[in-house]
Amino acid sequence: MKFLLAFALAASGVIVSVPLFAHHGNASYDSTKTVTVKGTVTDYMWANPHVFLKVDAKDNRGNTLHWIIEAQNPLSQTEVGWTKNTFKPGDEVIVEIIPAKNGQPIGRFGVAGPTAGLATQESRIVINGKQFKP
Amino acid sequence: MSKRWAVLIVALITGLTFSPILRVQTAAPQAAGGEARKWNNIPPRKSAYAGKKSSPAPRRDLSGIWDAAGLDAGIQVNGAFEHPALLPQKGGGAEGGREAGAGAEGGRLDETGIEHPLPYTPVGLAALKANKPSGPGVRQVPAALSNDPLDQCDPIGFPRMELYELRTIELVQTANRVIFLNGWYGNWRIIWTDGRELPKDPELRWNGYSVGKWLDDYTFIVETVGLNARTWLDHAGRPHSEDLRVEERFHRVDHDNMELTVTIDDPKMYTQPWLGVNKFPLHLLPSDFDIPELLCSPLDMAEYNRQISNAVLPSRPKK
Numbered sequence: 002m003k004f005l006l007a008f009a010l011a012a013s014g015v016i017v018s019v020p021l022f023a024h025h026g027n028a029s030y031d032s033t034k035t036v037t038v039k040g041t042v043t044d045y046m047w048a049n050p051h052v053f054l055k056v057d058a059k060d061n062r063g064n065t066l067h068w069i070i071e072a073q074n075p076l077s078q079t080e081v082g083w084t085k086n087t088f089k090p091g092d093e094v095i096v097e098i099i100p101a102k103n104g105q106p107i108g109r110f111g112v113a114g115p116t117a118g119l120a121t122q123e124s125r126i127v128i129n130g131k132q133f134k135p
Numbered sequence: 432m433s434k435r436w437a438v439l440i441v442a443l444i445t446g447l448t449f450s451p452i453l454r455v456q457t458a459a460p461q462a463a464g465g466e467a468r469k470w471n472n473i474p475p476r477k478s479a480y481a482g483k484k485s486s487p488a489p490r491r492d493l494s495g496i497w498d499a500a501g502l503d504a505g506i507q508v509n510g511a512f513e514h515p516a517l518l519p520q521k522g523g524g525a526e527g528g529r530e531a532g533a534g535a536e537g538g539r540l541d542e543t544g545i546e547h548p549l550p551y552t553p554v555g556l557a558a559l560k561a562n563k564p565s566g567p568g569v570r571q572v573p574a575a576l577s578n579d580p581l582d583q584c585d586p587i588g589f590p591r592m593e594l595y596e597l598r599t600i601e602l603v604q605t606a607n608r609v610i611f612l613n614g615w616y617g618n619w620r621i622i623w624t625d626g627r628e629l630p631k632d633p634e635l636r637w638n639g640y641s642v643g644k645w646l647d648d649y650t651f652i653v654e655t656v657g658l659n660a661r662t663w664l665d666h667a668g669r670p671h672s673e674d675l676r677v678e679e680r681f682h683r684v685d686h687d688n689m690e691l692t693v694t695i696d697d698p699k700m701y702t703q704p705w706l707g708v709n710k711f712p713l714h715l716l717p718s719d720f721d722i723p724e725l726l727c728s729p730l731d732m733a734e735y736n737r738q739i740s741n742a743v744l745p746s747r748p749k750k
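Here the protein sequences come in this chain order: A and B. Position one of the first sequence corresponds to residue 2 (our numbering), numbered consecutively onward. Position one of the second sequence corresponds to residue 432 (our numbering), numbered consecutively onward.
Printed below as a string of structure tokens:
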């Protein structure tokens, strides 16, 4: 019985830890922090090597920051249910990202943890008030 | 006892509920109207065919669309990543691989648990250290500091096309050759089966010169030489020289399954041959599977580097 329980936990752990393959590592990002960006989409690039999203968001002082948030390549994004139409300019979005270490308003879809920035689908994404579900 | 069962069931449900795999699986994209996708097909997960009985393999036949690994294996997770060429930087490594957060990558990508280091020659080790990969791993550097030729859209070349992001390929077999078509970065190779010998002193090519022959009815062996040394062997920056010889062994296990073993033999860089992938599973896909395109556009890459890679560089101390 103990063996079965250990097996179940181990099996679920293995599944959870499988990351998508990432073309670029997350060396420039702080994989210990999750930041939630709330703002308006200004552009959405569906391109190799990485799909990316631009979002205008206000910081604590009311200044507008022009965020650039990268995902993985278009193939990997297709595999997790994204399309070229997932975002469009004007969308109001809330997205979870890991931030650039250098403090620039640049991030990568993902949440803090062992696969930070490598598993896009771990991010919470809300588009125009609706939770994004592929 | 029943309490234990409850614990087990809760553990299982918890594990599966929070598994990204299952979340993705239940959310598989469908074309509008629920019809099956006809274009840009996504390969099935391993669980969709694992344990499924297959009819016997046809004799001397590799043709078909073959998927490497499936989505849930993590592409290449059992491939070249199993080898320890990403030597952890010990004491004063300038590349900052450790500092770069390798420990945070988790899972099998960091290669720290691997037993047998690759057999580098001193020349090979120096060449490895000169290569600065941007991909996940213990030697990774920020993309803007990487010298990975792929980060400038140089050709991926052979055998890197098999040791990095091997996804879906098509093999076309004709009377005198096998044509290897790779959707990832739009590669194709010709493997001659007409009995010709490999060239002795060829002009070097990104994909080399390949000849193949059947070892038995289900095992096809390909030898490749004449490889341009400007390519890396894989995403980790493992080096090779112009003396590299590669052997591919395609072993058709049954109708639906094939195994690929790639042997790297480069005496200038390695003191003995080693396996880049060992019995790496390839699964046959339906003949109407539409392989998606993924090409490297130098302009798009430059735009990515300008907007993101260069912009996320940590600021360096001013002199």
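For each residue, glycine too, the CB sits at the ideal point set by N, CA and C.
Residue burial classification, residue i (beta-carbon count within 10 angstroms, cutoff 16)
i: Asn-129 of chain A; result: exposed
i: Pro-100 of chain A; result: buried
i: Thr-79 of chain A; result: buried
i: Gly-26 of chain A; result: buried
i: Lys-1 of chain A; result: Shown here, chain A extends from 2 to 135; a query on residue 1 of chain A therefore has no answer.
i: Thr-116 of chain A; result: buried
i: Arg-490 of chain B; result: exposed
i: Thr-121 of chain A; result: buried
i: Gly-668 of chain B; result: buried
i: Glu-724 of chain B; result: exposed
Cutoff 7 Å; reference residue i; Cβ partners in own chain excluding five residues on either side
i: Leu-635 of chain B; result: Gly-657, Leu-658, Asn-659, Glu-673
i: Leu-34 of chain A; result: As written in the sequence, residue 34 of chain A is Lys, which differs from the Leu given in the question. Cβ neighbours of Lys-34 of chain A beyond the five flanking positions: Ile-99, Pro-100, Ala-113.
i: Arg-627 of chain B; result: Val-642
i: Ser-494 of chain B; result: Leu-602, Val-603, Gln-604
i: Leu-66 of chain A; result: Ala-58, Asp-60, Pro-106
Own chain residues within Cβ distance below 8 Å of residue i, not counting five before or after
i: Ile-70 of chain A; result: Val-38, Phe-53, Leu-54, Lys-55, Val-56, Val-96, Ile-98, Ile-107, Gly-108, Arg-109, Phe-110
i: Phe-449 of chain B; result: Residue placement at Phe-449 of chain B is flagged as unreliable, the pLDDT there being 44, under the threshold of 50; the coordinate-derived value follows with that caveat. For Phe-449 of chain B, where only same-chain residues beyond five positions count, there are no Cβ hits under 8 Å.
i: Asp-696 of chain B; result: Leu-675, Arg-676, Val-677, Glu-678, Pro-704
i: Phe-88 of chain A; result: Val-42, Tyr-45, Leu-54, Val-94, Ile-128
i: Asp-585 of chain B; result: Arg-661, Thr-662
Bounding residues of the alpha helix (DSSP H) (the contiguous stretch that carries residue i)
i: Arg-591 of chain B; result: 591-594
Any chain A beta carbon closer than 9 Å to residue i
i: Pro-421 of chain B; result: No answer is possible for residue 421 of chain B: it lies beyond the span of chain B, which begins at 432 and ends at 750.
i: Pro-573 of chain B; result: yes
i: Ile-739 of chain B; result: yes
i: Thr-543 of chain B; result: Any reading at Thr-543 of chain B must be qualified, since the residue scores a pLDDT of 44, below 50, and its modelled position is unreliable; no value is offered.
i: Ala-481 of chain B; result: no
i: Asp-731 of chain B; result: yes
i: Asn-562 of chain B; result: no
i: Trp-663 of chain B; result: no
i: Leu-726 of chain B; result: yes
i: Pro-745 of chain B; result: yes
i: Tyr-649 of chain B; result: no
i: Trp-615 of chain B; result: yes
i: Asn-471 of chain B; result: yes
i: Gly-566 of chain B; result: yes
i: Arg-490 of chain B; result: no
i: Asp-606 of chain B; result: With the sequence shown as reference, residue 606 of chain B is identified as Ala, and Asp is not the correct amino acid for it. Not closer than 9 Å to any Cβ of chain A, the Cβ of Ala-606 of chain B fails to qualify, so no.
i: Glu-601 of chain B; result: no
i: Glu-734 of chain B; result: yes
i: Ala-742 of chain B; result: yes
For residue i, the three-state DSSP class (helix, strand or coil)
i: Gly-555 of chain B; result: helix
i: Met-732 of chain B; result: helix
i: Glu-679 of chain B; result: strand
i: Gln-583 of chain B; result: helix
i: Ser-77 of chain A; result: helix
i: Glu-123 of chain A; result: helix
i: Gly-118 of chain A; result: coil
i: Lys-560 of chain B; result: helix
i: Arg-109 of chain A; result: strand
i: Lys-1 of chain A; result: Any question about residue 1 of chain A goes unanswered here, given that chain A covers just 2 to 135.
i: Ser-672 of chain B; result: coil
i: Ala-499 of chain B; result: strand
Segment limits, beta strand (DSSP E) that includes residue i
i: Ala-574 of chain B; result: Unbroken run through Ala-574 of chain B: none, as it is neither H nor E.
i: Gln-703 of chain B; result: Premise fails: Gln-703 of chain B is in no beta strand (DSSP E) and is neither H nor E.
i: Val-603 of chain B; result: 599-604
i: Asn-142 of chain A; result: Any property of residue 142 of chain A remains undetermined from this structure, which presents chain A solely from 2 to 135.
i: Ile-652 of chain B; result: 650-656
i: Asn-471 of chain B; result: Where Asn-471 of chain B is concerned, there is no enclosing beta strand (DSSP E), given that its DSSP letter is neither H nor E.
Test: residue i CB closer than 9 Å to a CB of chain B
i: Thr-35 of chain A; result: no
i: Ala-28 of chain A; result: yes
i: Pro-90 of chain A; result: no
i: Ala-48 of chain A; result: yes
i: Ile-69 of chain A; result: yes
Nonlocal neighbours in the same chain, by C-beta distance under 6 Å from residue i, ignoring five residues either side
i: Val-653 of chain B; result: Ile-622, Ser-641, Gly-643, Glu-679
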